[in-house]
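>
Residue numbers (our numbering): 28 to 136.
(1) Excluding the five sequence neighbours on either side, which residues of its own chain have a C-beta within less than 6 angstroms of the C-beta of residue 43, listed in chain order?
(2) How would you label residue 122, buried or exposed, when you count the other beta carbons within 10 angstroms and need 16 or more for buried?
(3) Residue 96 to residue 52, Cα distance in whole Å?
(4) Can you tell me which of 58, 78, 82 and 55 puts its alpha carbon nearest to the alpha carbon of residue 47?
(5) What does DSSP give as the partner residue(s) for residue 117 in the beta ladder?
(6) Does DSSP classify residue 77 as helix, strand or coil?
(7) Run through the DSSP bridge pairs and tell me what residue 32 is partnered with.
(8) My output table needs one value for residue 57: the three-state DSSP class, helix, strand or coil.
(9) Within 10 angstroms of the Cβ of residue 58, are there 16 or more other Cβ atoms? Answer buried if so, exposed if not.
Here you go:
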């Protein structure tokens, strides 16, 4: 689950909020991806990237470029698949866009 967001190939993909990159990977189905730990059990995931701009363990800020839109993995065209998990449960990422995590501590540091 998550949101598929159509975008031009190579468009910037940014972190939804402050956090720590806990994994960058290239998987068969989801392609190149970035996983960010935002603390409080909240993780965001960004898939089908053409390029990853961050490394595992890097601290990122809200709005920081973490990669570029692509069609890696099993994709029919350039887009971003954006997902969010909270305490292991999938949640609608759009419902979290206005929240601030200024006082959270990522589990991975």
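The beta-carbon is built from N, C-alpha and C at its ideal position, and this holds for glycine as well.
Bear in mind that the values here come from a model prediction, so they are computed numbers and not experimental data.
With the structure as the only source:
(1) Reading the chain shown from its first residue, position 16 is the one you call residue 43. Exclusion of the five residues before and after residue 43 leaves 71 as the residues of its chain whose Cβ lies within less than 6 angstroms of its Cβ.
(2) The count along the chain shown starts at 1 and reaches residue 122 at position 95. Residue 122 comes out exposed.
(3) Within the chain shown, the letter at position 69 stands for residue 96. Within the chain shown, the letter at position 25 stands for residue 52. Per the coordinates, the alpha-carbon of residue 96 lies some 15 angstroms from the alpha-carbon of residue 52.
(4) Within the chain shown, residue 47 is the residue found at index 20, counting from 1. Per the Cα distances, 82.
(5) As a working note, residue 117 is residue 90 in the chain shown. Paired residue(s): 112.
(6) Against the chain shown, residue 77 aligns to sequence position 50. Three-state DSSP puts residue 77 in a strand.
(7) Within the chain shown, numbered from 1, the residue matching residue 32 stands at position 5. Paired residues: 107.
(8) Stepping through the chain shown from its first residue, residue 57 is reached at position 30. It is coil, neither helix nor strand.
(9) Position 31 of the chain shown, counted from the start, is the residue given in the question as residue 58. Under this definition residue 58 is a buried residue.
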